[in-house]
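Visitor:
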Amino acid sequence: MAHAPAAGGRKVFFRRKKTCPFSGPKAPAIDYKDVKLLSRFVSERGKILPSRITAVSNKKQRELAKAIKRARNLALMPYVG
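For the sequence shown, the residue numbers in this note's numbering are 155 to 235.
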């Protein structure tokens, strides 16, 4: 007997869990002066992307948000896209 497909007739595939880009030995440090790095975590409209999309850990997401807000306050990054 063959294996039955999942409910709805779709094939099941396993999505690989993303790892935090700021954890690990060669990970970049979060710095408010590194605008190029920070802009990867901001949408086109200027909003900070959520960690479920960027796969950043909770602790690093808070640091990232603080760095982005500091860079905006110092006019290194725009508030709006």
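By construction, the Cβ of each residue, glycine as well, lies at the ideal position given by its N, Cα and C atoms. It should be emphasised that the depicted structure is a prediction, and the values quoted were computed from it without experimental measurement.
Please determine if the stretch 197-205 and the stretch 161-173 are in contact, where contact requires at least 3 C-beta pairs separated by less than 8 Å.
Guide: Short answer: they don't touch.
Visitor: What is the DSSP secondary structure of residue 189, reduced to helix, strand or coil?
Guide: The answer is helix: DSSP assigns residue 189 an H, G or I state.
Visitor: Three-state secondary structure (DSSP) at residue 202?
Guide: In this structure, residue 202 counts as strand in the three-state DSSP scheme.
Visitor: What does a CB cutoff of less than 7 Å around residue 174 pick up in its chain, not counting 5 residues either side in sequence?
Guide: If we look at residue 174 and ignore the five residues flanking it on each side, its Cβ neighbours are 209, 210, 211, 214.
Visitor: Below 8 Å on the Cβ atoms is my contact criterion, and I expect residue 189 with residue 225 to pass it. Report the Cβ-Cβ distance as a whole number of Å.
Guide: Sure, about 6 Å apart at Cβ, within 8 Å.
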